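Have a look at the structure below, then the notes.
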Amino acid sequence: MGVHEIEDAKLIFNFGYNGADSHPIVQRRIVRAKQKGATIICADPRVTEAARIADVHLQLKGGTNIALVNAMCNVIYNEGLVDQHFIDTMSVDYDAFVEIIKKYTPEYAETICKVPAELIRKAARMYAKAPSAMILYGMGVCQFGQAVDVVKALGSLALMTGNYGKPASGIGPVRGQNNVQGACDMGALPNNYPGYQNVTNPDVQAKFEKAWGVKLSNKVGVPLTHVPQRVLEEKDPAKKLHAYYIFGEDPAQSDPDVAEIRETLEKLDFVIVQDIFMNKTAEFADVILPSTSWNEHDGVYSCCDRGFQRIRKVVEPPSTVKTDWEIICEISTAMGYKMKYKNTEEIWNELIDLCPNFAGATYEKIEKYGCIQWPCRSKDMNDKGTVFLHNGKFATADGKGKFYTAEWRPPQELENEEYPLSFSTVREVGHYSVRTMTGNCRMLRNLEDEPGWIQMNPADCEKLHIKHGDLVKVMNKRGWCITRCNATERVAKGATYMTYQWWIGCCNELTIGSNLDPVSNTPEYKYCNCRVEKIDDQAAAWDYVNNEYKDLRSRMGIKMIGEEA
Amino acid sequence: MRKFVKGNPDLCIGCRTCMIGCVVEHEGRRIFEIDPDGYDFNPRLHMVKTAKISVPVQCKHCENPACMAACPVNCIKVINDAVVIDTDSCIGCKSCVQACPFGAIDMVSKIGTQQADGSMRVVANKCDLCVGTGNGPACVRVCPTSALTLVDEEKLKEVVCDKRVATANAAKVFADAKEVE
Amino acid sequence: MTNKYSCYVLADPNKCTGCKACELACFAEHNKSNNGVGYTVGTVTIPVTPKLYLTKTKAYCMPIQCRHCEDAPCLNACQKHAIYRENSQVIVDQEKCIGCKDCVLACPFGAIAILPIGEKGKLKLQKDREVVKVASKCDLCKDIEGGPACVRVCPNDALELVDANADIEAKNIKTAEGLYVSRI
Amino acid sequence: MRVVEIDKNICTGCRECAKVCPAYAIEGEQGEPQTINTDKCVMCGQCVQKCKSYVSIVTHGYEAYDKVRKERGIPESVKEPLFAAHNVTHIDEVKKALADPTKVVMASAAPAVRTGLAEEFGYKLGTLSNGKMAAAFRALGFDYIYDVNFAADLTIMEEGSELIERVTTGKGKLPMFTSCCPAWVTFLERNYPELSDHLSSCKSPQQMQGAVQKTYGAELRGLKKKDIFNVSVMPCTCKEFECSREEMNASGERDIDVVITTRELAWLIKDAGIDFKSLKEEEFDKPLGEFTGAGEIFGATGGVMEAALRTGYELITGKEIPDVKIPSVRGGEGFRTADIKVGDLTLKVGVVSGLKHVVQVLEDVKAGKLNHFHFIEVMTCPVGCVSGGGQPKLLMDTDKETAYYNRTHTTYKMDEELPIRKSHDNPSIKKIYKEFLKNPLGEKSHHLLHTHYVKGPAKTVK
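Residue numbers (the numbering used here), protein chains in the order written: chain B, 10 to 574; chain S, -17 to 163; chain C, 1407 to 1590; chain E, 6 to 467.
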């Protein structure tokens, strides 16, 4: 399915996805769909913009996603709202799936999710009875210790109601960052070559060895989130990491438990940071390689809907700055493997010839059609790619959809007496990712600046004698930060939320790095505990914030208002 | 009738592009290139988010503006059918802020201007419908979800007339039924 | 006596010919004391500002006016508290009104218009000499002898003062009588 | 010529005007703008009185009013609502004449005007403003303030004599119809031309007034008649049409130069910035402004009849009439009849009020059913000239009854309060016959005060 289809959806099940803050442009399509009469079900612990306009808002407690999905499946199953023909002809493993969901009656789920059973029923009926229904999910699903299970369960929800292979149906991950999909497509994963070709597959290995003229490893690499463990805890010297080449990433800001990350970066023998602006991670770098930004080079991005899109250079970079691919070529060459390309098209052509699913996605075609959704296997101009991945049959080995769900597992770190509130990271519109880019935009910095906000229910604020706008100290056993209190009815009692772009109000001081999803290795950004403390001397706290910020910026060489660079 | 910009909470996604658009429009297009000290960041509309609502709030350009009536130095005027504050003559007394029932006016410091004691001047700030730019309100133009509408006499007439016709149609059904009785 | 529910005037599109006698009478009655409007047209010195609005569709027409809703959107929308309830009726305080048009947009019937008002036979002006314009809507001729002028002047008896209080009572009695007839 | 019109841009198509139009001249679909069929229209202006479809800031916008006002030639000082149905105004011509130093401008107002005029200045319905009106004319700069009431008395002299002649000599058709209402005359000419001999040959008071002002009046003051500009103020929209009939130039000039309505006189007064309320009462100029109660009651239905009977009685019997009040001919809309004993003679008279009621009467006359009637008064408007199309227009028709009653009441009250209540007792009437006209129905009278009728539409010079 394509992002544009959202507008034509009859029903949108918006699960753990806050488009208004993450991708306003996608949210626009959700709003349009609503205007055109779509029903919207929103599952989110907060009153997001999508929740606000939803017909049903399932305001579940954080970390209970799968219980809610199972319960909806339970209702659909028990009330006979399934698409039996679709299940019979198009799927496998239904019975095992049913065995698990049987237990998840809405009443049982209510005890876990804190969503009224009747509301779960209502949502389930709405979803099942819709002529076509589209599931959109985001980081509210993915950034948990139990994440892939939920994705599969949502997939099963769509499967049992036959919501595949037709317009505005199916299940769509609306990825965290632009070109996350592209990074995966290009093999920026520990286990894959480009085009999702596994490094352990000997045929694939042979193909790439032949193409590149070198021997290649058949061992799966280290996931990003395993880096601290491999540096700090690994005893096997063969497995221990010594060097870290980081580009387009700021783990010291964006990875969980940044205290641990800082320790990791310090312990490493050699750190290279390749980025467009200074960031916190670069402070630990032995070498900093400045590279061009998105408007200073050519390339291809993948949209979350598998669509390849061209990006083009519009600004000439400073003479001392090279593109990522040029830097890689030069380093590779310096290290003994002579790598030389004339331009990105040459790289792209090599890549698509090695990836059967991308083979037909030539520059020419992307240029002509604006976007090519893979799989696109033929260079023939008539192969315009694939809109529905699961069209007529599933893109699996047996052509069938596989039912799957799992029992609910609670998050690893729950609230307790010492840290009575739950803590989750979220996005805010206006500042992107780790804020190196948008923080340099004066306009956006004026709109919002350090030290960010912690969203809290007014009742919790009142208990702590904190007013909206007060600086507060947020802490748990891993760390603390200072931020401002945003008292808002949009969050439930007992839950707190911080956006992850603030350098001073840095939420990742608190997040937990150890509870990774076993499949995706994604950390549990969306759940840990915390305590919020009132700060009596607000003026001193502001001094602290301002000085820290000033200090950090001067270390990074960023010019402050009224200050020389 | 005076025009005004109206936000629609059903469409608004709370992104604040309108606020940025407002500042850019009022400070000139080269804002991204000029000295960071050289401009005011004073959006003339304010994003409000409550539990149920997200929508920017701004001046309604009332027909009989309470702010204008309250201003002791007559620095609030009607220009091209927009109620506009002349910030050069504003003395920052906040009477208008007090008078406005919508909270559409706030007080902002005006970069580059000084009082006798050297401190920055603080003046009343509110939507001026981008009067004089010739482009119409920037907030309306930049909103990604078209949540803002410039309501002019025509538009208001259209909305009200539609409602009146609907009312008449309903009354007709009622009257016909009564006749059958 | 205070009514439990508000009353309102409802027009019958099957009788209304669209002559605007109601609009003119409404204006005349409301401007007698303030603006010297007498019996004849020549005594009028300000634009005619009615509180009900003739609306024509292709097939029929009728004046649209305030229903004096029990949970009035206009009243709820007014930040100036210039719309209030008096003896169950919804009334605009034209002195307080600042002409923000919120009520106009809030009203689902189109019963409110922003119109100038007069004072001593001249259009009321603001400080800057601009004309004062306020929300204008039916007040059921609350201070006018003889009740709603529109009802009185309609040459076709197309307007009726609807009194839900009396209506419900009358219908209840009829229903009771029906129950008596159909008793088992 | 353009007299009464409906503005298509403003008309809502309610057809309330069609309900009051006595000539069935208003044509159009319900809900669509209406048009006036000028072949049928008698220009009575009842539609103008009825129309409530005003130029609205709500419907037509803020600019529309001024645009319409300008189009119609109405002075900027006028702020009152403007309606779809309206009469063509001639106020500009009056203003021009008043401003012209070479012109001697003479004013004369119809009896009913003074019963309505004050209403336009916020007075109670039917407030008499005889003296204030005279003062207003003077303040406006009119050179001579005469009065159509004078000519009404003159009409009685002529018409009474004509009636006596027809009754006693058998010369001329009976019943004789009054001819002072131009809408009625127009109606008869167009629709019953074969009955035009029944009309009195007398001109209307307006035209008699015009003719004597430019002849006798000129002589009296040593004026050239071409320098005289006669302005007639009428409660009637049709009078402008009447004065424009090509034959209305007995004096050698246009007898009446322009007619304005009561409402337009109010505009003139307001436009000149005259504070009507503070005006002191003033007298009319003599002799052409002197009148009796008989002249005044021309404004009400049955008034012409009553005035004629007061004089006719005394002319026929040579005795004083026992009671000048003849209530049996007074009344409201419809056709009323009465038998009046005049010496040995029993005069059979009828009064038609409201043109709609005249058709049956005319049909009956045609069929010979009313041969025993001597005299029938016909007035187009509901209760005579006080309810004329040019009178102050009511904002609310619920006030109509009161307005009609009060204006009529005022008319009769004025009659009662006047020292002289019979036309032939008017000293100025005696004077004009003595000095100028000699005898009723005489040669000068025949030339100046009598007219002839056409069969079909009359020709006009405007």
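The beta carbon of each residue, even a glycine, is placed where N, CA and C say it ideally should be.
Note that the structure is predicted; figures quoted are calculated from it, not measured.
{"Asked": "Spatial neighbours of C380 (chain B) in its chain, beta-carbon cut-off 6 Å, leaving aside the 5 residues before and after", "Found": "G316 and Q318"}
{"Asked": "Test: D17 (chain B) CB closer than 8 Å to a CB of chain S", "Found": "no"}
{"Asked": "Neighbourhood of S209 (chain E) by C-beta, 7 Å cutoff - its chain only, sequence neighbours within 5 removed", "Found": "S184, C185, P187 and E247"}
{"Asked": "Interface flag, V141 (chain S) vs chain C, CB-CB below 8 Å", "Found": "yes"}
{"Asked": "N358 (chain B) versus B:P54, B:K535 and B:P203, residue with shortest Cα-Cα distance", "Found": "B:P203"}
{"Asked": "Contact set for C26 (chain E): own chain, Cβ-Cβ below 7 Å, skip 5 residues either direction", "Found": "Q51 and C52"}
{"Asked": "The region 85 to 102 of chain B in contact with the region 20 to 28 of chain B per 3-pair CB rule at 8 Å", "Found": "no"}
{"Asked": "Residue burial classification, T73 (chain B) (beta-carbon count within 10 angstroms, cutoff 16)", "Found": "buried"}
{"Asked": "Selected residue, minimal CA-CA separation from I255 (chain B), among B:K244, B:P246 and B:E292", "Found": "B:E292"}
{"Asked": "Assumed close pair C539 (chain B), L430 (chain B) - CB separation to whole angstroms, cut-off 8 Å", "Found": "5 Å"}
{"Asked": "Reference I121 (chain B), options B:E416, B:P237 and B:N352, closest by Cα", "Found": "B:E416"}
{"Asked": "Counted within 10 angstroms of its Cβ, other Cβ atoms place H32 (chain B) as buried (16 or more) or exposed", "Found": "buried"}
{"Asked": "Beta-carbon gap between T1455 (chain C) and L399 (chain E) smaller than 8 Å", "Found": "no"}
{"Asked": "Under 8 Å between C-beta atoms of A255 (chain E) and A216 (chain E)", "Found": "yes"}
{"Asked": "Under 9 Å by beta carbon: chain C residues contacting P86 (chain E)", "Found": "L1430, F1433, V1447, V1450, P1453 and V1454"}
{"Asked": "Neighbourhood of K276 (chain B) by C-beta distance below 7 Å, restricted to the same chain and skipping five residues each side", "Found": "V240 and L241"}
{"Asked": "Paired residues, beta bridge with P27 (chain E) - DSSP", "Found": "Looking at the DSSP assignment, P27 (chain E) forms no beta bridge with any residue, so it has no partner."}
{"Asked": "Residues of the region 56 to 76 of chain E with Cβ closer than 9 Å to any Cβ of chain C, in chain order", "Found": "C56, K57, S58, Y59, V60, S61, I62, V63, T64, Y67 and Y70"}
{"Asked": "CB-CB length for G522 (chain B) against E258 (chain B), believed under 8 Å", "Found": "Wrong, their Cβ atoms sit about 15 Å apart, outside the cutoff."}
{"Asked": "Rounded straight-line distance, which links the Cα of A64 (chain S) to that of R(-16) (chain S)", "Found": "6 Å"}
{"Asked": "For C207 (chain E) and H455 (chain E), believed in contact at Cβ under 8 Å, the rounded distance", "Found": "6 Å"}
{"Asked": "Secondary structure of E119 (chain B), DSSP reduced to three states", "Found": "helix"}
{"Asked": "Distance between beta carbons of E7 (chain S) and C112 (chain S), contact taken as under 8 Å", "Found": "5 Å"}
{"Asked": "Between the CA atoms of S1542 (chain C) and A1517 (chain C) - distance to the nearest angstrom", "Found": "8 Å"}
{"Asked": "Local conformation of C207 (chain E) per DSSP, three classes", "Found": "strand"}
{"Asked": "Neighbour-count burial assignment, M169 (chain B), 16 or more Cβ in a 10 Å radius", "Found": "buried"}
{"Asked": "Residue environment, D344 (chain E), which counts as buried when at least 16 other CB atoms sit within 10 Å", "Found": "exposed"}
{"Asked": "Same chain only: Cβ atoms within 6 Å of D262 (chain E), ignoring 5 sequence neighbours per side", "Found": "F234 and N235"}
{"Asked": "The region 148 to 160 of chain E contacting the region 291 to 298 of chain E, beta-carbon criterion three pairs below 8 Å", "Found": "yes"}
{"Asked": "C-beta atoms of V347 (chain E) and K427 (chain E) nearer than 8 Å", "Found": "no"}
{"Asked": "Cβ neighbour criterion (16 or more within 10 Å) applied to A140 (chain E)", "Found": "buried"}
{"Asked": "Within-8 Å CB hit, R1558 (chain C) to chain E", "Found": "yes"}
{"Asked": "Other residues of its chain near P387 (chain E): CB distance less than 6 Å, five sequence neighbours each side excluded", "Found": "E338 and G359"}
{"Asked": "Three-state secondary structure assigned by DSSP to K55 (chain E)", "Found": "helix"}
{"Asked": "Under 8 Å (Cβ pairs) to chain S, residues found in the region 1492 to 1509 of chain C", "Found": "C1503, I1504, G1505, C1506, K1507 and D1508"}
{"Asked": "Same chain, Cβ closer than 7 Å to D290 (chain E), five either side skipped, listed in chain order", "Found": "Y149, I150 and Y151"}
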